[in-house]
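Participant: Dumping the structure here so I can ask a few things about it.
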Amino acid sequence: MPSPRRLDRALQLASAAAAAAALLLLLGLAAFLLRESAPALREVGLVRLVGDRGWHPTRGAFGMAPLVAASGAVALGALTLALPLALAVAFVRLAYAPPRLAALLRALLQLLAAVPSVVLGFFGLVTVVPLLLAIEPPGASLLAGMVVLALMVLPTLALLIEGALAGLPSGERAAAAALGLARTTVLLHLALPRARGAIGAALLVALGRALGETMAVVLVTGNVVQWPSALLAPVRTLTANLALELPYASGLHRSALFVAGLLLLGATAALLLIASRCGARERWRGAREESARA
Amino acid sequence: MRELAMGRRAMERAVAAVAWAGTLLVVAAFGALLGELLVRGAGELSWRYLVEAPRDAGRSGGVGGIVVATGVLVALALAGAVPLALLAALFLDEAGAAQAGRARRRLAAALRRVLDVVGSVPSIVFGLFGNALFCRAFGWGESLLAGGATLACMMVPLLTIAFDEALQRAPAAERAAAAACAFSRAATLRHVVLPHAWPLLLAGAVLAVARALAETAALLFTSGYVDRMPTSLLDSARSLSVHVWDLALNVAGGEARACSAALLLLLLVVAIEAAARGALAWLRRRAGR
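Which chain is which? The protein sequence lines are A and B, in order.
Sequential numbering of the first sequence, starting at 119, is according to our numbering.
Sequential numbering of the second sequence, starting at 24, is according to our numbering.
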């Protein structure tokens, strides 16, 4: 049996080492992505990675711009679809639903948040894609990706928005009650303006998740490399491209794919940092804790 | 004045109606998700499906080896991530103590931020990282070991944040009392902190299991696609989630079987989440009484 003091010392050293290892994880991620993408950055160069006509890596064309544009279009479209729905759910839970139903809705949101993204993507493939196909072939398209991603980010977004809306100071709440204001009025004119920053931050967090999602997208967007020009045309996102090509890529092709990974890492990290600047990290934490608690 | 009030009431009603409609749409979409998978996938689910090996690229047979591989991947990830995350959470916890120095507090703040960032990194990026580090640099190739290690890296931030929150459950007064009695750190941890923290520690770990089960993109390039029963940690093997993706995208006529595998995966994840949340709520009610 070691003496208490030695045990304490060992515990302290071990916990400091673990903290250092966790810090190193980010450095390691960035370092390995950089190391692997170095050949492409050196030999192809940023200019060609952006400006080459098209993505035909085996024939020496490394233009990633259409992939980036597709990623952005799918993610932004998903948020556009998800935001009104998330607001609707948050309003219903906060103001309109009786407590039992509100609790049920929360359980449903949590269940949804737990659905694996590959399952969501598969659901999109067997339901959303055929629906769109009936309108205009091929069905697997930009719009299908937006719908599936909207479903994916919706639960978290709704819970975050609800947390932001519920954060009305009790003084204002009391004043509103004294004035006899309807709950809708309180939500629309008091809570919503106050929560704007937090909702913006929640959207940024959701945007990061949508940009980085692979499985839900690759199954439904058709994966044709082209600029996103129409809602019902197929596109291929950066992430889908990685999933499809990395297993067989080699040489400069593989290296260029790691550049895409680096880009994704940078974009999501930047979005998260901006979101936390918006001062909403605490709220986000709060909502997460809340969801863990319920 | 009355007109204004009427207008406002109508507007309130309209907002409520739109909100209900939106909520119904969300509920319907999720109902469709569950219904579709249940109707098309439930027929195939049986004990034989769980234990039989897949045949004909998964078009028939079961998911025997795949279930085993999934279990091994999750177990490896937990074994790697839980001790590390627990220790890192202890570091954060100690930095919050009154007597902690300024440097330590700064370091803890930096660590929290880094964990938030790493926690938001897309899983496919972890897949790239794992492929470069574990498969290539470490020479493990596409294997269960590489996949498990990649999953562990993904789990560390989530687990550390969850464990940190759990440790904070111990009341400051009790910690102060322990300090006044000259308890060692280890004794404080064991007799003061853990009794308060263990339900949330456990819940955090269980939720991490659910997340790991759901993970696909990080495993595509690290544990590979092979659908045989693995016999060593250096074998390539596919998880249930990768099985769903492969059947849906790469196997012609694999859709029916993809439905069963997707349903199985969904049921597993939901059952684990629900069990964790249910147990936590039960513990809380008991503690509150």
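Positions of the beta carbon are idealized from the N, C-alpha and C atoms, including for glycine.
Identify every run of the alpha helix (DSSP H) within the segment 245–276 of chain B, keeping only runs that are complete inside it and at least 4 residues long; order them along the chain.
Facilitator: 263–272
Participant: Go to residue 72(B), then tell me how far its alpha helix (DSSP H) extends in each direction, as first and last residue.
Facilitator: 70–74
Participant: Keeping to the same chain, check which residues put their C-beta closer than 7 Å to that of residue 213(A); ignore five residues upstream and five downstream.
Facilitator: So the qualifying residues of the chain are 301, 302, 305.
Participant: Output, in sequence order along the chain, the residues in the segment 256–267 of chain A whose CB is closer than 7 Å to any CB in chain B.
Facilitator: From the segment 256–267 of chain A, no residue has a Cβ closer than 7 Å to chain B.
Participant: Going by C-alpha to C-alpha distance, which of 294(B), 284(B), 161(B) sits closest to residue 87(B)?
Facilitator: Comparing Cα-Cα distances from residue 87(B) to each of 294(B), 284(B), 161(B), the minimum goes to 284(B).
Participant: In chain B, what lies closer than 8 Å to residue 214(A) by C-beta?
Facilitator: 39, 42, 43
Participant: Exposed or buried, what is residue 161(A) when buried is set at 16 or more other beta-carbons lying within 10 Å of its beta-carbon?
Facilitator: exposed
Participant: Name the residues in the segment 145–156 of chain A whose C-beta lies less than 8 Å from a C-beta of chain B; which are they?
Facilitator: 146, 147, 150, 151, 153, 154
Participant: Tell me whether the beta-carbon of residue 367(A) lies closer than 8 Å to the beta-carbon of residue 167(A).
Facilitator: No, the pair does not count as a contact, with Cβ atoms beyond the cut-off.
Participant: Could you tell me whether the Cβ of residue 8(B) comes closer than 8 Å to any Cβ of chain A?
Facilitator: An answer regarding residue 8(B) cannot be provided, because it is not within the stretch 24 to 312 covered by chain B.
Participant: How is residue 179(A) classed by DSSP in three states: helix, strand or coil?
Facilitator: strand
Participant: When DSSP labels each residue in this structure, what does residue 410(A) get in the three-state scheme?
Facilitator: Interpretation of residue 410(A) is limited by its pLDDT of 45, a score under 50 that renders its predicted location unreliable; the figure taken from the coordinates is listed afterwards. Residue state, collapsed to three classes: helix.
Participant: Does DSSP put residue 285(A) in a helix, in a strand, or in coil?
Facilitator: Three-state result, residue 285(A): coil.
Participant: Over what stretch of residues does the alpha helix (DSSP H) that includes residue 371(A) continue unbroken?
Facilitator: Its alpha helix (DSSP H) spans residues 369–395.
Participant: Are any of the Cβ atoms in chain B nearer than 8 Å to that of residue 272(A)?
Facilitator: yes
Participant: Taking a contact to mean a Cβ-Cβ separation below 8 Å, would you say residue 245(B) touches residue 169(B) in this structure?
Facilitator: yes
Participant: Evaluate residue 359(A) with the Cβ neighbour count: other Cβ atoms within 10 Å of its Cβ, from every protein chain shown; 16 or more gives buried, anything less gives exposed.
Facilitator: buried
Participant: With 8 Å set as the bound, which would you pick, yes or no: does the beta-carbon of residue 236(A) sit closer than that to a beta-carbon of chain B?
Facilitator: yes
Participant: Which partner residues of residue 353(A) appear in the DSSP bridge assignment?
Facilitator: 340(A)
Participant: Give the range of the alpha helix (DSSP H) segment to which residue 161(B) is assigned.
Facilitator: It is not in any alpha helix (DSSP H) - residue 161(B) carries neither H nor E in the DSSP assignment.
Participant: Identify whether residue 207(B) lies in helix, strand or coil by the three-state DSSP scheme.
Facilitator: coil
Participant: Three Cβ pairs or more, each shorter than 8 Å: is that satisfied between the segment 380–393 of chain A and the segment 334–341 of chain A?
Facilitator: no
Participant: Rank 182(A), 126(A), 378(A) by C-alpha distance to the C-alpha of residue 330(A) and give the top, closest one.
Facilitator: 378(A)
Participant: Any idea if residue 311(A) is buried or exposed, counting beta-carbon neighbours within 10 angstroms, 16 or more meaning buried?
Facilitator: exposed
Participant: Determine the burial state of residue 287(B): buried for a count of at least 16 other Cβ atoms within 10 Å of its Cβ, exposed for fewer.
Facilitator: buried
Participant: Which of helix, strand or coil does DSSP assign to residue 122(A)?
Facilitator: helix
Participant: If we ignore side chains and look at the alpha-carbon of each, how far apart do residue 10(B) and residue 107(B) end up?
Facilitator: Outside the displayed range of chain B (24 to 312) lies residue 10(B), so it cannot be described from this structure.
Participant: Entirely within the segment 31–74 of chain B and at least 4 residues each: give me those alpha helix (DSSP H) ranges in chain order.
Facilitator: 70–74
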